[in-house]
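*Asks:*
Number of protein chains: 2
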Amino acid sequence: MAQRNPDRSKAAGADPADGGSEDLVRYLQDQATEFLRALRQHRESGAPEASSSAMALRRAARRISGTLHTFRPLLDASWSDELRTELAWLSGTLAREHAYAERLERLLTALQRLAGSTAPIPAQAATAGTGQLTVGAAKAGALLDRQLTLARTRAHSTALQALGSSRFHAVADGVAVLASDVPLRKDAAAHRLAPFAADVEARLCDAVQTLPLVRAGHPYNAEALVHGLASDGAPETQDTPWHQVRLLLRLHRYAQEALGVRDFAPHLVTASRALDRHRDAAEAAAAASAAARTPRIAPATAYALGVLHADQRHEVEAARFAFKGAWQRVESGAAVSTP
Amino acid sequence: MAQRNPDRSKAAGADPADGGSEDLVRYLQDQATEFLRALRQHRESGAPEASSSAMALRRAARRISGTLHTFRPLLDASWSDELRTELAWLSGTLAREHAYAERLERLLTALQRLAGSTAPIPAQAATAGTGQLTVGAAKAGALLDRQLTLARTRAHSTALQALGSSRFHAVADGVAVLASDVPLRKDAAAHRLAPFAADVEARLCDAVQTLPLVRAGHPYNAEALVHGLASDGAPETQDTPWHQVRLLLRLHRYAQEALGVRDFAPHLVTASRALDRHRDAAEAAAAASAAARTPRIAPATAYALGVLHADQRHEVEAARFAFKGAWQRVESGAAVSTP
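If you're matching them up, the sequences are chains B and C in order. Mapping the first sequence onto UniProt numbering, position 31 (from 1) lands on 31, and the numbers just tick up by one. Mapping the second sequence onto UniProt numbering, position 90 (from 1) lands on 90, and the numbers just tick up by one.
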């Protein structure tokens, strides 16, 4: 990490600069241009699906939002705060449909693996006949399919509405301003970017310190399933600090990009992916347990959902283990030496 | 292992001998005496519970049976085969009650952990009111308590009947013969024990080679839960080779004891314990899934049993991981150098 290895950005990236406000302006303009390009493409292609243009739109929105946050002292504060809020609303709204689709696929793939089946799960619901538990898996798949497809359809409508709203047009106008003229504070030119980026990195390191990494480094610690049957809130509570680190890792990445570091250290990429998997598995586990609370389901269906929930919490634990391994390599400086 | 480290028994044990028939006679007589002593104590104390005398009885029975098997060519074959069959029947019958009690305790402890509870689970069934899932855990605990206590009571009656049967008295008579006069074959004195012990060890090594150890060495491989919802037989099929190694490891240990090796190599003890845990968790997982097939249970109960089943299969996987680690140390020769 930067405070331990001051040469990091030099070694990991192509640009050795610690960055000035002109780099910030260039980065924000690039992302704003990318946002507008994706938006144009998206409007031409039609529906706000999980298409490449929607992903590019969200990708740029996240970067603009994160950069406005990290380098806030260099920017017109009230203007950037407002744009940030609106971008968060937009990317949240656009992300939901894709998230439901991915969650369903993750759960159905897991069910298929657990049922030792080769055919897709929901299609089997009508025909399965080999043992009560297989029927349970098929019914659980059909139930999840119904619930998550409904949620996805709703998210789709919401996204469509959002893209036609005046609120959205205001966001697009804000980004268009950014593409031509970044509203810097008057004294911005006197500052370097590196201290702000280092601040994000320090916050990231602090957040990682609060994680139970020693425990996560022991495989099969069964931590992720502790309180798995307790109440609705319990697993989410233990996941929160990990989700927090995931967001800080992202913020760190965008700050490095603004500084001109083109290749994010590979172990940080691995760590970041592990936390993405952590988030996905945690939400899939929650969806399985929510489906089990559907009234009047068969016991075999509920049983299958219980197995599925535990399987996904197992994945949560595996992701923490993977994060711990990657972070260890980051800390031991391997991130610096690896090309 | 012996074929790789011929000095092993010298290094690990106190007695450097490769053993002759007189060692075999002494070992069998010792175990037979121990069996009769435990039996006397057991009769005096009363019920065939999981008491120390019942455990000592089974412990001696396992050792006699294993030794008769390994050194069969040195013994009167038909006599020892018959005694072996009868000892297997006896220790199986006596073990069952204890096994049900342990399984129930393992499952209730796991449920308590999963429910994030401090109070014992079955007692909560009537009072729990914080969320449907906690009720499910409490009801699952009560169901398992009912089913396994019933099984335990039946096993208790069977064990009582067995201890009063003429079949049992015939076994006791057979062991009494062994305590005074081991029926060796005439040419037994011409043989050393070491080749027979080495043969057991070779079978153990061969059996370990067939295990998917590479996969087991990768934590969170999710192997143990594959086909977890498929049908009743699937998990048992993948467990079988591990159970087989567990039995061979035991046989190896008894053969070493007969040779006069007093301290079994510590990593082999660790490996052996891991496979005990593997067996216990596999059977507990099967009990949870069997309980889920009880007619007319509530969905919340079935859900809790599904989570519990997956949790125990997770333990199965963890035990394989632990075995792999211990076995690696055995193979790298650490078993030899460790005192």
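Note that the Cβ used here is the ideal one computed from N, Cα and C, for glycine as well. In this text the structure is predicted, and so the values were computed from the model without any measurement.
Taking beta-carbon pairs under 9 Å, can you tell me which members of the stretch 301–315 of chain C lie near chain B?
*Replies:* Against chain B - using a Cβ distance shorter than 9 Å - the residues of the stretch 301–315 of chain C are 301, 302, 303, 304, 305, 306, 307, 308, 309, 310, 311, 313, 314, 315.
*Asks:* Evaluate residue 330/C with the Cβ neighbour count: other Cβ atoms within 10 Å of its Cβ, from every protein chain shown; 16 or more gives buried, anything less gives exposed.
*Replies:* The residue is buried, with at least 16 neighbouring Cβ atoms inside 10 Å.
*Asks:* At the level of alpha carbons, what is the spacing between residue 60/B and residue 163/B?
*Replies:* So the two alpha carbons sit approximately 16 Å from each other.
*Asks:* Give the straight-line distance between the Cα atoms of residue 172/B and residue 183/B, rounded to the nearest whole angstrom.
*Replies:* Rounded to the nearest angstrom, the two C-alpha atoms are 16 Å apart.
*Asks:* Do residue 223/C and residue 230/C come within 9 Å of each other at the CB atom, strictly closer than that value?
*Replies:* Cβ distance not < 9 Å, so residue 230/C and residue 223/C don't count as in contact.
*Asks:* Determine the direct distance from the alpha carbon of residue 84/B to that of residue 68/B, and round the result to whole angstroms.
*Replies:* About 7 Å.
*Asks:* Under the three-state reduction of DSSP, which class applies to residue 143/C: helix, strand or coil?
*Replies:* Here residue 143/C sits in helix by DSSP.
*Asks:* Tell me the DSSP bridge mates of residue 225/C?
*Replies:* DSSP lists no partner for residue 225/C.
*Asks:* Using three-state DSSP, classify residue 20/C as helix, strand or coil.
*Replies:* Correct three-state label for residue 20/C: strand.
*Asks:* Taking C-alpha atoms, which residue in 31/B, 53/B, 277/B lies nearest to residue 40/B?
*Replies:* Taking only the C-alpha atoms, the option nearest residue 40/B is 53/B.
*Asks:* Let me make sure I understand the geometry here. Which of 79/B, 179/B, 109/B has the alpha-carbon closest to that of residue 311/B?
*Replies:* Closest option to residue 311/B, Cα to Cα, is 109/B.
*Asks:* Near residue 179/B, which residues of its chain fall below 7 Å by C-beta distance, leaving aside the five closest residues on each side in sequence?
*Replies:* These residues qualify, in order along the chain: 29, 32, 33, 36.
*Asks:* Pull the bridge partners of residue 75/C from the DSSP assignment, please.
*Replies:* Residue 75/C is bridged to 184/C.
*Asks:* For the alpha helix (DSSP H) containing residue 56/B, name the first residue and the last one.
*Replies:* It spans 52–70 - the alpha helix (DSSP H) in which residue 56/B sits, taken as one unbroken run.
*Asks:* What are the boundary residues of the alpha helix (DSSP H) that includes residue 301/B?
*Replies:* 299–331 is the extent of the alpha helix (DSSP H) around residue 301/B.
*Asks:* How big is the Cα-Cα spacing for residue 7/C and residue 95/C?
*Replies:* Its pLDDT being 40, under 50, residue 7/C is placed unreliably in this model, and the coordinates cannot settle the point.
*Asks:* Of the residues 176/B, 27/B, 282/B, which one's Cα is nearest the Cα of residue 241/B?
*Replies:* Ranking 176/B, 27/B, 282/B by Cα distance to residue 241/B puts 282/B first.
*Asks:* Could you check which residue in 92/B, 64/B, 91/B has the C-alpha nearest to that of residue 81/B?
*Replies:* Taking only the C-alpha atoms, the option nearest residue 81/B is 64/B.
*Asks:* Return yes when the Cβ of residue 253/B is within less than 9 Å of the Cβ of residue 278/B, no when it is not.
*Replies:* Going by C-beta atoms, residue 278/B is not nearer than 9 Å to residue 253/B.
*Asks:* Do the stretch 291–299 of chain C and the stretch 295–307 of chain B touch if we need at least three Cβ pairs shorter than 8 Å?
*Replies:* The stretch 291–299 of chain C, when compared against the stretch 295–307 of chain B, does touch it at the 8 Å Cβ threshold.
*Asks:* Mind listing which residues of the stretch 81–100 of chain B have their C-beta closer than 8 Å to chain C's C-betas, in chain order?
*Replies:* Residues: none.
*Asks:* Give a yes or no on whether 9 Å exceeds the smallest Cβ distance from residue 298/C to chain B.
*Replies:* Yes, contact with chain B.
*Asks:* Strictly by DSSP, which residues pair up with residue 192/B?
*Replies:* The partner list for residue 192/B (beta bridge, DSSP) reads 20/B.
*Asks:* What is the DSSP secondary structure of residue 123/C, reduced to helix, strand or coil?
*Replies:* Caution applies to residue 123/C, whose pLDDT of 47 falls short of 50 and renders its modelled position unreliable; the model cannot decide the point.
*Asks:* Taking only beta-carbon positions, decide if residue 27/B is within less than 9 Å of chain C.
*Replies:* False, the Cβ-Cβ gap to chain C never drops below 9 Å.
*Asks:* May I have the straight-line CA-CA distance separating residue 196/C from residue 66/C, to the nearest angstrom?
*Replies:* For residue 196/C and residue 66/C, the distance between alpha carbons rounds to 12 Å.
*Asks:* Using the beta-carbon of each residue, which ones in chain B are nearer than 7 Å to residue 153/C?
*Replies:* Residues of chain B passing the Cβ test: none, with the nearest at roughly 26 Å.
*Asks:* Output the distance between the C-alpha atoms of residue 313/C and residue 280/C, rounded to the nearest integer angstrom.
*Replies:* If I take the Cα positions, the gap works out to 10 Å.
*Asks:* Taking residue 140/B as the reference, give the member of 298/B, 319/B, 44/B with the closest Cα.
*Replies:* If we check each option's Cα against that of residue 140/B, 298/B comes out closest.
*Asks:* Please list the residues of the stretch 318–329 of chain B that have a C-beta atom closer than 7 Å to any C-beta atom in chain C, keeping them in chain order.
*Replies:* Correct list: 318, 321.
*Asks:* Just to confirm the assignment, what range does the alpha helix (DSSP H) spanning residue 289/B have?
*Replies:* Note, residue 289/B: alpha helix (DSSP H), 266–291.
*Asks:* Return yes when the Cβ of residue 226/B is within less than 9 Å of the Cβ of residue 238/B, no when it is not.
*Replies:* Yes, Cβ-Cβ distance for residue 238/B and residue 226/B is below 9 Å.
*Asks:* Are there 16 or more other CB atoms within 10 angstroms of the CB of residue 316/C, so buried, or fewer, so exposed?
*Replies:* Residue 316/C is buried by the Cβ-count criterion.
*Asks:* How many angstroms separate the CA atom of residue 145/B from the CA atom of residue 288/B?
*Replies:* Straight-line Cα distance between these residues: approximately 11 Å.
*Asks:* Roughly how many whole angstroms lie between the Cα atoms of residue 333/B and residue 265/B?
*Replies:* Roughly 10 Å separates the two Cα atoms.
*Asks:* Do you know offhand how far residue 26/C's Cα is from residue 42/C's?
*Replies:* Between residue 26/C and residue 42/C, the C-alpha separation is close to 24 Å.
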